[in-house]
Amino acid sequence: MQKHDCSPLSDFIEYPQEEMLARSQAFLADISRRHSIRSFSDKAVPKEIIENCIMAAGKAPSGANHQPWHFCAISSHEIKQQVREQAEQHERGFYDGRAGEEWLDALKPLGTDAEKPYLEHAPWLIAIFSQKKGGIHAEDKNTNYYVHESVGIATGFLITALHNAGLATLTHTPKPMSFLNKICQRGDNERAYMLLIAGYPAEDATIPAHASVKKSLDEIASFL
Ligand code: IYR
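With positions in the sequence shown counted from 1, the corresponding number in this note's numbering is that position plus 5.
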């Protein structure tokens, strides 16, 4: 007898192994086309696509299924301008010394600097927040568990969903990020986790050679 309420697993699909192989190959080929870009076009992206991708992110597993995340999707030009202004202000401090030599050296091959025009040009910015307290219902205020892990997984789902929908993305973590709480009107219970930029690439979008170097299977995995 089950000690908890549950229902049968009814939506699992068992594919023939040949099809599994083909699917795993096709997914690998598709996700290999995801690149962080830093030059976005201002071409509009319908809200419904972003809503679907956020709902997909919300299906991620989380500690005790508390779903300790909030996604603030910004398309208002005025608000994007505020994000750009404040992010660039923090980034100037970072690039002008706060980062330290080793960090700046590590970033050189990416060609990044304090200028973030894409924060204003891209059609969507999605600010992701983690929640210290919560629960299975949005209004709960219980302890959340494995918050960082949970929000990281949901962010991965979101990046994958956006790519799958046909959008380019960039992960951005201005330091500090607390200014996003104010702009997005999120309270003390939440911590800005990451800012995702989503949209179409500009015609001049490039991939830094450094970003194309991906470790081989042997380097990232072992099989026992
Ligand atoms: N947040 C800064 C710096 C930066 C840091 C890392 I680690 C990167 O992989 C890329 C950039 C910026 O966005 O420029």
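Think of the CB as a built atom: it goes at the ideal place given N, C-alpha and C, for glycine as much as any other residue.
Neighbourhood of Q91 by C-beta distance below 6 Å, restricted to the same chain and skipping five residues each side | Cβ contact annotation for Q91 (same chain, cutoff 6 Å, sequence separation greater than five): F184, in chain order.
Other residues of its chain near P206: CB distance less than 7 Å, five sequence neighbours each side excluded = I42, S44, F45, S46 and A173
Could you name the residues that DSSP lists as bridge partners for P206?
-> F45
Run through the stretch 150-200 for me and flag every whole beta strand (DSSP E) of 3 or more residues, listed as ranges in chain order.
-> 173-177
Which ranges would you report for the beta strand (DSSP E) in the stretch 13-84 if only whole runs of at least 3 residues count?
-> 74-79
Can you name the start and end residues of the alpha helix (DSSP H) that S221 belongs to?
-> Unbroken run through S221: none, as it is neither H nor E.
At which residues does the beta strand (DSSP E) containing L130 begin and terminate?
-> Here the beta strand (DSSP E) through L130 covers W129 to Q136.
Beta-ladder partner(s) of G139, from DSSP = N147
How would you call Q261, buried or exposed, if buried means at least 16 neighbouring beta carbons within 10 angstroms?
-> The question about residue 261 has no answer, for the chain in this structure spans 6 to 229.
In this structure, does DSSP put G105 in helix, strand or coil?
-> The answer is coil: DSSP assigns G105 none of H, G, I, E or B.
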